[in-house]
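Numbering (the numbering used here), first residue to last: 13 to 134.
C-beta: ideal position from N, C-alpha, C; glycine also.
Scroll down for the structure; my scribbles are underneath it.
Here it is in structure tokens:
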């Protein structure tokens, strides 16, 4: 295989592999949670709704969207800085294009933090 085939294959294959592992471990985590609920029901005969809600609910803080947004905007700034620092004159445009993806997603998360309604915390 030549470099023209191998490099895109490795890049896109690694993206697919990362997505596979993210979904796989998320599935495993849910499986463990449901097994714990099943064992609790088998031992006691019934399940307390508050216990199930505490087990199933994600413990995400009130500022989770803001944190994700700030991190993604920082990654976008890092890509923009990298494009500026690379000595080739034509590197800034493509790096700015790459930086636009995490930057816009980060701005969307920041917008969610400020404008999306939140569930009351218990």
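Selection from the options that minimises the alpha carbon distance to residue i
| i | options | result |
| --- | --- | --- |
| residue 74 | 38, 127, 17, 14 | 127 |
| residue 95 | 108, 35, 44, 121 | 108 |
| residue 76 | 15, 19, 122, 22 | 122 |
| residue 63 | 49, 54, 55, 57 | 49 |
| residue 125 | 82, 87, 103 | 82 |
| residue 87 | 51, 32, 29, 118 | 118 |
| residue 78 | 102, 130, 13, 93 | 130 |
| residue 111 | 89, 101, 43 | 89 |
| residue 65 | 15, 45, 51, 54 | 45 |
Terminal residues of the alpha helix (DSSP H) in which residue i lies
| i | result |
| --- | --- |
| residue 15 | 15-56 |
| residue 98 | Premise fails: residue 98 is in no alpha helix (DSSP H) and is neither H nor E. |
| residue 114 | 104-127 |
Residue i, buried or exposed, once every other Cβ within 10 Å from all chains shown has been counted against 16
| i | result |
| --- | --- |
| residue 91 | buried |
| residue 106 | exposed |
| residue 114 | buried |
| residue 57 | exposed |
| residue 85 | buried |
Cβ-heavy atom distance, residue i to the ligand NAP, below 8 Å
| i | result |
| --- | --- |
| residue 123 | This structure lacks the ligand NAP; in fact it carries no ligand of any kind. |
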